Structure formats: structure tokens, C-alpha cells
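Below is one structure; the comments refer to it alone.
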Amino acid sequence: MKRFIEGEDRQQVTLLPECLHDYIGEDNPVRVIDAFVEELDLHRLGFKGAAPAATGRPAYHPSVLLKIYIYGYLNRIQSSRRLERETQRNVELMWLTGRLAPDFKTIADFRHDNGVGIRNVCRRFVALCRDLKLFSQAIVAIDSSKFKAVNSRDRNFTSGKIDKRQQQIEQSIQRYLDALETADRTQPAEIEAKTTRLQEKIKKLRQQMRELDRIKEELKSEPDEQLSLTDPDARSMISQAKGTGVVGYNVQTAVDAKHHLIVVHEVTNIGSDRAQLSKMAKAAREAMGRTKLQAFADRGYFNGPEIRACEDVGVTPFVPKPMTSSAKADGRFSKADFIYVAKDDEYQCPAGERAIHRFTTIEHNLKLHVYWSSACPRCSMREQCTITDYRRIRRWEHEVVLERMQKRLDRMPDAMTLRRRTIEHVFGTLKHWMGSTHFLTKTLEHVSTEMSLHVLAYNLKRVIRVLGIARMMKAVKLAGA
Numbered sequence: 016m017k018r019f020i021e022g023e024d025r026q027q028v029t030l031l032p033e034c035l036h037d038y039i040g041e042d043n044p045v046r047v048i049d050a051f052v053e054e055l056d057l058h059r060l061g062f063k064g065a066a067p068a069a070t071g072r073p074a075y076h077p078s079v080l081l082k083i084y085i086y087g088y089l090n091r092i093q094s095s096r097r098l099e100r101e102t103q104r105n106v107e108l109m110w111l112t113g114r115l116a117p118d119f120k121t122i123a124d125f126r127h128d129n130g131v132g133i134r135n136v137c138r139r140f141v142a143l144c145r146d147l148k149l150f151s152q153a154i155v156a157i158d159s160s161k162f163k164a165v166n167s168r169d170r171n172f173t174s175g176k177i178d179k180r181q182q183q184i185e186q187s188i189q190r191y192l193d194a195l196e197t198a199d200r201t202q203p204a205e206i207e208a209k210t211t212r213l214q215e216k217i218k219k220l221r222q223q224m225r226e227l228d229r230i231k232e233e234l235k236s237e238p239d240e241q242l243s244l245t246d247p248d249a250r251s252m253i254s255q256a257k258g259t260g261v262v263g264y265n266v267q268t269a270v271d272a273k274h275h276l277i278v279v280h281e282v283t284n285i286g287s288d289r290a291q292l293s294k295m296a297k298a299a300r301e302a303m304g305r306t307k308l309q310a311f312a313d314r315g316y317f318n319g320p321e322i323r324a325c326e327d328v329g330v331t332p333f334v335p336k337p338m339t340s341s342a343k344a345d346g347r348f349s350k351a352d353f354i355y356v357a358k359d360d361e362y363q364c365p366a367g368e369r370a371i372h373r374f375t376t377i378e379h380n381l382k383l384h385v386y387w388s389s390a391c392p393r394c395s396m397r398e399q400c401t402i403t404d405y406r407r408i409r410r411w412e413h414e415v416v417l418e419r420m421q422k423r424l425d426r427m428p429d430a431m432t433l434r435r436r437t438i439e440h441v442f443g444t445l446k447h448w449m450g451s452t453h454f455l456t457k458t459l460e461h462v463s464t465e466m467s468l469h470v471l472a473y474n475l476k477r478v479i480r481v482l483g484i485a486r487m488m489k490a491v492k493l494a495g496a
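Here the sequence shown is numbered in this note's numbering, starting from 16 and rising by one per residue.
Have a look at this one:
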């Protein structure tokens, strides 16, 4: 092999083996992981086994296993079996753990049993970012994304899915029965084996029908009439990104607009975002240590009471109104074409007439004022306005909150661009690290723990990018984590 760079002889004995420390450069991120975990009070954060037992076999210290998991999620190694192999061959992990190599069961049990502690570590790192003044802008973008669960579609049931499946089974049974009838009429010698197979298939299909009937009865006791057999907390949700349904979880996230750090997150099994805005905004404000905050979200979060709740706690929301006017879709005037005259508590219609307040009603737990004009029946523009005798306009008692927000959006035309560039790539990064697959754990509690590890790894990488290894190490030690 002349004229090529040659490696060392594998059988060469060295008198002075190289120090493991020499393999890890000063700019290696594992040094940040080590420094961060060493400064944590794991017992106070809620980790089990932080205080050793007086008897029994000595256990691994929680810091060792926490370092393994942070390193794993930082490098797209989430499986406990893969982490076990890496501790035996990965020089960075050998340095990080002091050549300790726990088995996969020990690694998996640590994640399973220390959910509270892991979630607290994630929150502690956000507090560290706040202490480092990384949240200098009091602006967050709020959004959600659907993440797949361990549960497959075939093991998730709703009444609609069951009815459709039973209809398919009935068609299959009828098809096999017709084939049997044909076989009975013809009766060739070689058809007997086929008849037996058809009868076995019909028997299996009828067993499936009985099983589906049993599941349908179980659905009646479920609050949302949905049942998942592998992961009981997973739910079927509409995924707009894929244009189809996904059985999984809806992860709510608030992201800082300057450095794109995840401030707060929450894993839910509720597919809709309409009731999530104020909760996420309030949690983000508290995590950032701010009295005032601007929160940007998409149309899926538009909800009057939620927007008002944000303003009540010092959060200024920016949420565009959904374009769902049925009148507009049919070519008629929408509510936006009517001008509200606050001093008279009246609406001016496109024809110039005044719609006055008639009565107040309660709809969907909202107090609404109803307006219409007496001139509607003889109006020349009535066909462009309504299909009934009178065009009724409903106004929420706190409609002024929504009008204020709309004025803010009108003055800031790039608000939704800010939201997209802040948060969209965050979900893309997280799903890329997951290998575009699914969560490895089951139930809402353990999935929340797994998501906290993803968020911790993401934030850690972002802060290293912002501050650099040296400044990050110094900051962690000064802050005492």
C-alpha cells in the first residue's frame, strides 16, 4: 500500500496508553453536557436514587444516566438498546460516563421512572437561558404539530372506522359465500380444497365482526368515543401537513422570536388548538420572567375568550381571524362589511341603513347582542345580504378585544411571516431528529417525558450555537445550574 496514508498496526503494544481525556477536544459539546448535569441538584429536581441505599447492589448515579440520555437525544440516538451499544464503543460517551456501560433495561427504566425529574431539568435549562438574558425580546410564536404515537391506525378505533370496517367485512363474506355457492354447483374434484379455505376465511371474518362489536361496546364508555389498543392515550387527529389523519399527540410549543429557543411546551391528545392560546401564552410569560409579552399564533388559535384571557394576564395576542364566513362563500356580504358605530351601539350596513340592538342572547356560553335593521324587507341590496327577511348581526359582549387585535394586525402586515420563521423550522428540526418516525414510549405521561428530552437537546444545541462552547461552559458554572 505504498503512496497511501497507513494506519497503526493493530497488534502494536503501547507502553503508555493515550488518556481518554485527550480524545475529547475543548470545543466538544459533551463537555457542556457534563458541566450542566454536574451542577444540577438531582434530588431536589425529583430524581429517584439520587441518595444511595444503605443495602443492596450499588446503583448507577442518576447523573450518569441523565448524561447518556441528553447525549443520545442530542445525537439522534433515542433507543435504550442503541444507547447501550454506544456506551461500549463511543469514545465521547466513554469520557462522559467514565467508561460506565449500563445495560439497556437500566437505561430504559431510568427514563420510565424519572419523568418528573427529566421534565424539571428541561424547565431548569429554560430558567438558565432566562438568567443568561437570552430572552431579550418579549415575543413568542405559539404553534402545535402532530407527532405519531407507537399506536398504528389499525389499532385505533372510532365508531365511524368500525362501521366502515364491518361493511367491508360483510362484502368480503358475501363474496366468499357466492364463491362457495358456485363451487357447490360445479363440484369438480379439485375444488374441495378451495371450499375448505373459503370456509376458514369466512370463519375468521365472522370472528373479526364479533371482535369489532365488542370494541364498539367499549367505545360507549370512552369520553371521546375513541379507543387505542397499543397506546391508550393516543388519539386520531387531522394532520394538515399531510392532509390525512395521524394517530398520535398534539405538541403545543411557544418559541422565543430572537434565538428560536423553546420556552414552554406541552404534550396533549387534543387535536384542536382553539383552547390552548392563553394557557401557553401565560406559561411562556412566566418562564421568560416578563410582565408583558407579545404572542403570535395562526388562525387555528382564534377564540374570543382565549384572546381576552391573554389580555387579562398581560399578553398581547396576534391571531388572524379565520376566513369561514358562509355568507362570503355564497357571494353575499360578510359581517366585515358592516361598520360598528360605538357611540350609538349600532351597525351601518352596506346600503347605509342602521341595524339597531334588538335583544341579547347566550350561545355556546357567550353573551351575544343581536342587531338588525327594519329596512331589510324593502332594501334593494337584500339579495346580496341575506336569504331571509332580515340580516341579523351578532356581536360578542367583548368584541372590542377582537377589534383591537385586528387593528394591531393591520398595522403589522408581516406578523404571520414572523410567526412562521420563528416556529416552523423548530418542529422540522425535532421531527428530523426523531428520524421522522414516532415517539418510542406510551401514554401521555411518558410521551411528555420523551418530548422534554427532545426539547432539552434542541435548546442545548441552540444555546451552544449562540454562545459557543467556552462561554456556555463558563455560564453554566457561574449560574450553578
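Glycine is no exception: its CB is placed at the ideal position from the N, C-alpha and C atoms.
Since the structure is predicted, the reported quantities are computational estimates derived from the model, not experimental observations.
Host beta strand (DSSP E) of residue i (start-end)
i    : result
D271 : 259-271
K297 : Taken as a continuous stretch (DSSP letters only), K297 belongs to no beta strand (DSSP E), being part of the alpha helix (DSSP H) at 292-303.
N171 : 171-173
A156 : 154-163
K446 : K446 -> not in any beta strand (DSSP E); alpha helix (DSSP H) instead, spanning 430-448.
H280 : 277-283
A351 : First-last for A351: undefined, no H or E at that position.
V330 : 330-333
R509 : Given a span of 16 to 496 for the chain in the structure shown, any question on residue 509 remains unanswerable.
Distance between residue j and residue i (C-alpha atoms, nearest Å)
i    : j    : result
F233 : S243 : Looking at the sequence shown, residue 233 is not Phe but Glu. Taking the straight line from one Cα to the other gives about 11 Å.
P370 : Y355 : Before going further, note that residue 370 is Ala rather than Pro in the sequence given. So the alpha carbons of these two residues sit roughly 9 Å apart.
E41  : R168 : 47 Å
H274 : S78  : 28 Å
E460 : T268 : 17 Å
T375 : L383 : 6 Å
P67  : K82  : 18 Å
F333 : G71  : 57 Å
D124 : N135 : 18 Å
D360 : V165 : 55 Å
S151 : G483 : 18 Å
K216 : E196 : 15 Å
H453 : L381 : 39 Å
M449 : L455 : 10 Å
T102 : H413 : 59 Å
F19  : V262 : 54 Å
C34  : G64  : 31 Å
Integer-rounded CB distance, given that residue j should sit under 8 Å from residue i
i    : j    : result
L80  : I122 : 6 Å
K163 : M252 : Rounded, the Cβ-Cβ distance is 10 Å, inconsistent with contact.
M466 : R46  : M466 to R46, Cβ: 26 Å. No contact.
G130 : T464 : 4 Å
R406 : C391 : 6 Å
S293 : A324 : 4 Å
N284 : Y264 : 6 Å
L471 : I85  : 6 Å
V266 : S159 : 6 Å
E240 : A290 : No, E240 and A290 are not in contact; Cβ-Cβ is about 19 Å, not under 8 Å.
Y191 : L213 : 5 Å
P9   : Y75  : Missing from the structure shown is residue 9; the chain here goes from 16 to 496 and no further.
Q181 : M224 : 6 Å
I177 : I230 : 6 Å
Short Cβ contact (8 Å threshold) for residue i with residue j
i    : j    : result
F140 : N474 : yes
I154 : A312 : no
L417 : G319 : yes
G132 : L57  : yes
V279 : V462 : no
R410 : M303 : no
V385 : L149 : no
R104 : F119 : no
D248 : T458 : yes
Q13  : K336 : Here the chain has residues from 16 to 496 only, and residue 13 is not among them.
A494 : L143 : yes
E107 : V491 : no
I438 : V270 : yes
S388 : C364 : yes
W110 : I39  : yes
K358 : G329 : no
T245 : R170 : yes
Bounding residues of the alpha helix (DSSP H) (the contiguous stretch that carries residue i)
i    : result
T542 : No answer is possible for residue 542: the residues shown for the chain start at 16 and end at 496.
E418 : 414-426
E515 : Shown here, the chain extends from 16 to 496; a query on residue 515 therefore has no answer.
M252 : Unbroken run through M252 is the beta strand (DSSP E), 250-254; no alpha helix (DSSP H).
P320 : 319-327
I408 : Not the alpha helix (DSSP H): I408 falls in the beta strand (DSSP E), residues 408-411.
Touching by the beta-carbon criterion (3+ pairs, under 8 Å), the region 295-314 and the region 391-409:
no
Would the region 219-227 count as touching the region 424-437 if we require 3 or more Cβ pairs under 8 Å?
no
Taking three-plus beta-carbon pairs below 8 Å as touching, is the region 443-456 in contact with the region 334-351?
no
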